[in-house]
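Shown next, in structure tokens, is the structure this report addresses.
Chains as they are written, first to last, in this note's numbering: chain Z, 13 to 371; chain E, 3 to 258; chain Y, 5 to 184.
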């Protein structure tokens with residue numbers, strides 16, 4: 013087997029190149045720091061000349077997410093990307109996508125808020141992402157890459173999950189992973205599906221009737237409450253199945269751990285270094301790294317919680333994921349939070365201090 | 003006499019288009035939406051495009067347009083129909099793609115999407131029903147409400163100092179280089195209906211031929227919101243709306 | 005072996021691209037590498053920096069607390085990063101515009117007059133490569149060959165004629181770096 017080519021690229025570039033390679037049909041986006049390289053890379057690559065992928069710079073994030081809705085409603089693999097303030101603007105659209113049960117991928121390269129905030133990295137959109145964001149009872153399947161390799165790998169995975177559950181999937185990253193360069197092996201080329209394949213795989217899609225006896229309607233509207241409740245229950249049943257089957261996580265040095273750090277994305281990278289430093293000083297600490305933030309690895313954290321003396325939740329925010337960790341372990345052991353705000357990325361020494369303080 | 007007996011008299015001179023299904027419309031009696039729906043359905047069938055049409059409905063009175071015309075539809079968030087249509091047309095270039103929108107949806111909350119889709123030269127058609135009022139939510143002021151016109155949110159009449167001016171979207175569309183065909187029509191008389199149908203057909207054909215974006219504005223009425231009989235509404239429209247929103251083609255660059 | 009380095013200076017001095025070239029050189033040798041910029045409008049005239057890690061093993065965190073080598077090309081960078089050099093680590097500074105040179109006794113201090121040299125020899129465009137040469141002299145983490153291979157990988161072919169100029173700059177840097 014030929015050795016796979018290793019590239020050294022930014023996380024944002026990996027998202028763009030992986031999209032072209034995984035048979036993505038369309039990208040619609042609006043520039044915002046720190047993720048503009050996604051659209052810039054796509055524009056430079058000109059995939060419309062090779063795979064036939066559509067790339068369009070929209071007039072706003074509102075337009076971007078609604079272009080995604082339009083494309084997703086026809087069964088195509090479509091995506092957008094933005095950073096926190098732009099993602100806030102997209103929330104209405106994501107609620108509509110979830111309500112109309114449409115698959116799509118949204119990449120959020122988080123920056124610090126609230127408001128216009130800062131362009132520096134943050135993880136303060138955790139609540140917005142996994143607790144709803146837009147209106148109504150819905151969830152986003154959420155993948156949190158902690159390396160440039162995972163940025164590349166999760167684009168296809170996000171599409172697979174989005175289509176399996178007919179629901180939007182979010183890749184939740186931040187300015188650290190988006191802007192850093194790291195070694196990556198890009199996925200191989202997967203052809204875009206033909207129109208016939210799309211119509212076969214997505215019999216619900218508004219593709220034009222093409223001989224179908226009935227028209228297909230994409231909508232989230234239903235004025236009769238009894239029917240709307242049934243629609244909601246169907247969506248909730250789907251979420252339950254997703255919670256049972258799709259939890260993904262990584263354990264790092266947990267076998268003999270007395271203490272546990274829970275961290276996702278770039279914070280998990282810092283946590284790994286912190287753990288190396290701590291173990292150098294004889295402190296046995298491990299890491300539980302949720303890869304899916306929704307569905308959340310509740311059971312795994314609960315199980316580890318029974319083995320350790322305390323949990324430190326390391327996240328670049330004022331304490332958001334800590335709520336889900338506390339829900340997992342109840343009041344059975346101390347759960348502390350350490351994080352920095354406003355775009356400051358805590359370094360491993362700081363995190364080690366926080367860990368020692370808890371111990 | 004049953005419905006079938008009436009149809010089977012052998013003297014049928016007029017029938018509703020096949021694409022218009024049997025679902026009873028929710029529109030108020032006298033509302034022009036039904037007429038425009040019929041025209042759209044006829045044109046799609048006349049062009050043989052029923053299998054290759056993807057339509058986008060708005061938020062507003064015509065939100066349920068998808069219930070009546072048997073083509074594939076997507077229902078958009080308020081104002082965003084042109085964004086959906088842009089993506090759909092780019093992803094399915096051989097499809098007939100159009101939006102059907104009212105003045106609140108298109109000329110207010112969705113102005114940005116409207117202007118940019120038109121000016122990007124998206125090969126789509128926007129059917130724009132301008133009745134100068136928010137019908138669905140109960141008769142509030144619209145961006146196209148005329149000066150002096152009373153609505154529940156300008157109960158003493160629209161005035162410039164309080165509400166600014168009515169917006170002429172078609173005039174704006176006509177100066178955009180991305181548009182191919184911009185026209186303003188009505189459907190309140192038989193000749194007007196025939197002209198409106200020809201305009202819709204022309205717009206659909208241009209969009210299929212890749213000539214650019216097309217806007218067909220139908221100056222319309224809302225007898226419920228205006229609190230007038232349908233007959234009086236049409237008279238009021240002729241006397242007040244048409245002078246401000248003059249009829250005819252504002253632009254046609256599609257002619258060979 | 006792990007080399008944790010930060011390069012800091014003014015935007016426009018080629019700080020970020022120097023870090024990238026170093027990272028690419030590491031990649032050419034099959035090493036693990038990360039390149040993490042302080043990104044944003046700083047790139048346009050303010051201070052800019054990037055952290056580069058070149059290692060034999062998987063790199064846990066691209067963000068670190070202290071560095072094996074700190075390269076500072078202006079006073080604010082020197083003030084900020086001198087305290088973050090690991091004990092026994094090194095700091096390299098260009099004396100151009102530096103009023104208060106480094107003072108720590110527990111680290112190695114090197115001076116490289118890259119700015120003046122570049123101006124003298126008409127090499128201002130490859131100023132950052134002179135600095136890189138200095139770094140490779142005191143901390144030979146990658147070979148010059150790998151740097152040149154990395155350049156070939158990153159530069160568009162129409163710019164390959166600039167590679168000899170870059171090599172010259174690296175060798176010049178190796179020559180002029182001085183312990184203080």
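For glycine and all other residues, C-beta sits at the position ideal for the given N, C-alpha and C. Note that this is a predicted model, so its numbers are computed, not measured.
Original post:
By the criterion of Cβ-Cβ separation under 9 Å, what are the contact partners of residue 24(E) in chain Z?
Top reply: Simply none; closest approach about 13 Å.
Original post:
If you check the beta carbons only, do residue 150(Z) and residue 247(Z) fall under 8 Å apart?
Top reply: Inclusion of residue 150(Z) and residue 247(Z) in the CB contact set at 8 Å is warranted, their separation being smaller than that value.
Original post:
residue 77(E) touches chain Z at which residues, Cβ-Cβ below 8 Å?
Top reply: Those are 112, 229, 230, 231, 232, 233, listed as they occur along chain Z.
**OP:** May I ask you to list the residues that DSSP assigns as paired with residue 13(Y)?
**Re:** Residue pairing by DSSP places residue 13(Y) opposite 52(Y) in a beta bridge.
**OP:** Use the C-beta contact count for residue 138(E): other C-beta atoms within 10 angstroms, 16 or more gives buried, fewer gives exposed.
**Re:** Its Cβ being crowded by 16 or more others within 10 Å, residue 138(E) is buried.
**OP:** Whole angstroms is fine: what's the gap from residue 116(Y)'s alpha carbon to residue 18(Y)'s?
**Re:** C-alpha separation (whole angstroms): 16 Å.
Original post:
If we cut at 8 Å on Cβ distances, does residue 98(Z) have a partner in chain E?
Top reply: The Cβ of residue 98(Z) sits no closer than 8 Å to any Cβ of chain E.
Original post:
Exposed or buried, what is residue 187(E) when buried is set at 16 or more other beta-carbons lying within 10 Å of its beta-carbon?
Top reply: Answer is buried; the Cβ neighbour count reaches 16.
Original post:
Could you give the distance in angstroms between the alpha-carbon of residue 217(E) and the alpha-carbon of residue 205(E)?
Top reply: Computed Cα separation, rounded: 7 Å.
Original post:
Does the beta carbon of residue 149(Z) sit closer than 8 Å to a beta carbon anywhere in chain E?
Top reply: False, the Cβ-Cβ gap to chain E never drops below 8 Å.
**OP:** Alpha carbon to alpha carbon, how far is residue 25(Z) from residue 194(Z)? Give it in angstroms, no decimals.
**Re:** One Cα belongs to residue 194(Z), the other to residue 25(Z), and the distance between them is close to 11 Å.
Original post:
When the Cα atoms are used, what is the spatial distance from residue 46(Y) to residue 79(Y)?
Top reply: Because the pLDDT of residue 46(Y) is 49, which lies under 50, any placement of that residue in the model is unreliable, and the number read from its coordinates should be weighed accordingly. Looking at the backbone, the Cα of residue 46(Y) and that of residue 79(Y) are separated by about 16 Å.
**OP:** Would you mind sorting residue 71(E) into buried or exposed? The rule is 16 or more other CB atoms within 10 Å of its CB.
**Re:** Around the CB of residue 71(E), 16 or more other CB atoms lie within 10 Å, so the residue is classed as buried.
**OP:** Step through the CB atoms of chain Z and report whether any lies within less than 8 Å of the CB of residue 36(Y).
**Re:** It does; some Cβ of chain Z falls within 8 Å.
Subject >> Under the three-state DSSP convention, the category residue 131(Z) falls into >> reply: Collapsing the DSSP output to three states places residue 131(Z) in coil.
Original post:
Which bits of chain Y does residue 357(Z) rub up against, with CB to CB less than 7 Å?
Top reply: The answer, in chain order, is 67.
**OP:** For residue 349(Z), verify whether its CB is less than 7 Å away from any heavy atom of the ligand FMN.
**Re:** This structure lacks the ligand FMN, and indeed carries no ligand of any kind.
**OP:** Note down the Cα distance separating residue 76(Y) from residue 327(Z), rounded to an integer number of angstroms.
**Re:** The alpha-carbon atoms of residue 76(Y) and residue 327(Z) are separated by roughly 30 Å.
**OP:** List the residues of chain E whose Cβ lies closer than 9 Å to the Cβ of residue 68(Z), in chain order.
**Re:** Near residue 68(Z) (Cβ distances below 9 Å), the residues of chain E are 88, 89, 92, 122.
**OP:** State the Cα-Cα distance for the pair residue 258(Z) and residue 185(Z), rounded to the nearest angstrom.
**Re:** The alpha-carbon atoms of residue 258(Z) and residue 185(Z) are separated by roughly 19 Å.
Original post:
Can you tell me where the alpha helix (DSSP H) with residue 336(Z) in it begins and where it stops?
Top reply: Taken as a continuous stretch (DSSP letters only), the alpha helix (DSSP H) holding residue 336(Z) covers 333-341.
Original post:
DSSP puts residue 229(Z) in a beta bridge; with which residues?
Top reply: BP columns for residue 229(Z) point to 75(E).
**OP:** Could you say which of 30(Z), 183(Z), 57(Z), 367(Z) lies nearest to residue 197(Z) if we only look at CA atoms?
**Re:** When each option's Cα is compared against that of residue 197(Z), the closest is 30(Z).
Subject >> Counterpart residues of residue 186(Z) in DSSP-defined beta bridges >> reply: DSSP, once it has assigned bridges, lists 122(Z) as partnering residue 186(Z).
Original post:
Excluding the five sequence neighbours on either side, which residues of its own chain have a C-beta within less than 7 Å of the C-beta of residue 130(Z), listed in chain order?
Top reply: When the five nearest sequence neighbours on each side are left out, the beta carbons in the same chain lying within less than 7 Å of the beta carbon of residue 130(Z) are those of 123, 124, 354, 355, in order along the chain.
Original post:
If we count the other Cβ atoms within 10 Å of its Cβ and call it buried at 16 or more, is residue 306(Z) buried or exposed?
Top reply: Label assigned to residue 306(Z): buried.
Subject >> the segment 199-214 of chain Z contacting the segment 78-87 of chain Z, beta-carbon criterion three pairs below 8 Å >> reply: By the C-beta criterion, the segment 199-214 of chain Z is judged to be in contact with the segment 78-87 of chain Z, since at least 3 inter-stretch pairs fall below 8 Å.
Subject >> Identity of the residue in 47(E), 52(E), 209(E) nearest residue 181(E) by Cα >> reply: It is 209(E) whose Cα lies nearest to the Cα of residue 181(E).
**OP:** Assess, as a yes-or-no matter, whether the segment 167-175 of chain Z is touched by the segment 265-278 of chain Z under the definition of 3 or more beta carbon pairs within less than 8 Å.
**Re:** Counting Cβ pairs under 8 Å, fewer than three are found: no touch.
**OP:** Could you check if residue 160(Y) is buried or exposed, using at least 16 other CB atoms within 10 Å of its CB as the buried criterion?
**Re:** Counting Cβ neighbours within 10 Å, residue 160(Y) comes out exposed, since fewer than 16 surround it.
**OP:** Express the C-alpha separation of residue 7(Y) and residue 253(Z) in angstroms, rounding to a whole number.
**Re:** Residue 253(Z) and residue 7(Y): Cα-Cα distance of roughly 46 Å.
Original post:
First and last residue of the beta strand (DSSP E) that includes residue 261(Z)?
Top reply: From DSSP, the beta strand (DSSP E) with residue 261(Z) extends over 261-264.
**OP:** Could you check the C-alpha separation between residue 167(E) and residue 149(E) for me, to the nearest Å?
**Re:** Distance between the alpha carbons of residue 167(E) and residue 149(E) is about 7 Å.
**OP:** Run down chain E in chain order and give the residues with a C-beta less than 7 Å from the C-beta of residue 213(Z).
**Re:** Residues of chain E passing the Cβ test: none, with the nearest at roughly 15 Å.
**OP:** Return the first residue and the last residue of the alpha helix (DSSP H) that residue 138(Z) is part of.
**Re:** In the DSSP annotation of this structure, the continuous segment of the alpha helix (DSSP H) that includes residue 138(Z) starts and ends at 138-142.
Original post:
So, is residue 191(Z) buried or exposed, given that buried needs 16 or more other C-beta atoms within 10 angstroms?
Top reply: Counting the other CB atoms within 10 Å of its CB gives residue 191(Z) a total of 16 or more, which places it among the buried residues.
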